[in-house]
Structure formats: C-alpha cells, structure tokens
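**Q**
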Amino acid sequence: MDKYHNTETLLKKYRDVAWNIEVANMQMNMDSHNPINELLDISYSENTQIKEQTKTIEKNKKILSLIDRALELIRNKQKYGRDYYQVLYYTFITNEPLNSTAEIVDKLCDEGCCMTDKTYFRRKNEAIKLLSEILFGA
0 MDKYHNTETL LKKYRDVAWN IEVANMQMNM DSHNPINELL DISYSENTQI KEQTKTIEKN
60 KKILSLIDRA LELIRNKQKY GRDYYQVLYY TFITNEPLNS TAEIVDKLCD EGCCMTDKTY
120 FRRKNEAIKL LSEILFGA
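If you number the sequence shown the way numbering that gives the first Met the number 0 does, the last residue is 137 and the count never jumps.
(1) Could you check the C-alpha separation between residue 129 and residue 15 for me, to the nearest Å?
(2) Under 8 Å, with one C-beta from each stretch per pair, do the segment 64-75 and the segment 107-121 reach the 3-pair mark?
(3) Who are the near neighbours of residue 97 in its chain, counting only those whose CB is closer than 8 Å to its CB and skipping five residues on each side?
(4) Check each candidate in 118, 60, 123 and name the one with the smallest Cα separation from residue 83.
(5) Suppose contacts are defined by Cβ-Cβ distances below 7 Å. Is residue 92 in contact with residue 6 by that definition?
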C-alpha cells in the first residue's frame with residue numbers, strides 16, 4: 000500500500016478510534032471504582048486482558064496525538080494550511096460526521112473557508128499527501 004492510501008485509511012478510522020478510546024476509558028474507570036470488583040477481589044494489575052486493552056488504548060492515543068500534531072503543523076506552516084486543516088477536520092475528525100460533500104463544503108464556508116466542490120477535493124488530496132509525508136516520510 001502506498002503512503003497516501005495508508006494516511007487516508009488512518010483518517011477514515013480516526014473518529015471510530017477516538018470513540019473507542021473514550022468508551023474504554025469510561026468502562027475502565029467505572030470498573031475500577033465498582034464495589035463488586037472489590038468484593039470479588041478483582042485486581043486490574045494482574046489481569047492480562049486489561050493490560051493488553053490498556054496497551055492498545057495507549058497506542059491508539061499516541062497515533063491520534065501524532066495525527067493531531069501533524070495537522071496543527073500543516074495548519075500553521077503551509078500556504079493553504081488553514082484550508083487543509085478545516086477540510087480534513089470536517090471530513091474525518093469532527094465528532095459529528097457530515098454526510099455529504101455538500102454538507103462539508105457548506106460547513107467550511109460557515110467557518111470562512113468557502114470553496115467549490117472541485118477545490119474541496121483538490122485541497123483534500125493535497126492535505127492527505129502532506130499529512131502522509133509528515134507521518135511516513137517524503
């Protein structure tokens with residue numbers, strides 16, 4: 000697979016991974032403070048399944064953090080950085096997914112980044128290419 004495709008795949012999974020991290024953190028927090036666990040003498044430090052889940056959560060947090068930092072770099076240092084950031088944010092990252100290109104373009108315009116559909120697709124491709132260069136090297 001090429002770097003562009005890998006980057007686009009990471010972006011497409013971003014929202015789901017962020018959701019899964021939130022849910023897992025909430026569940027682990029609830030479980031660790033659950034009196035039934037104390038009665039059953041369940042210890043998280045000894046449970047390998049929970050250790051593995053924690054490792055996975057931490058790995059996913061690092062990946063999302065790396066993507067976030069790379070997007071900030073693009074936003075702050077590229078000629079069309081703000082456009083690139085907004086395009087990727089509303090296409091892949093925002094908590095409330097937009098269902099169509101028209102919705103994304105409308106939202107971009109609301110945010111002061113008005114563009115045509117054609118420009119949206121060009122900026123999206125350019126932004127993914129830049130992000131892939133940061134994440135995977137030029």
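The beta-carbon is built from N, C-alpha and C at its ideal position, and this holds for glycine as well. Quantities reported herein were computed from a predicted structural model and do not represent experimental measurements.
**A** A quick look at the data gives this:
(1) 23 Å
(2) They do not touch, by the three-pair rule.
(3) If the five residues before and after residue 97 are omitted, its C-beta is found closer than 8 Å to the C-beta atoms of 89, 90, 103, 106, all from its own chain and listed in chain order.
(4) 123
(5) no
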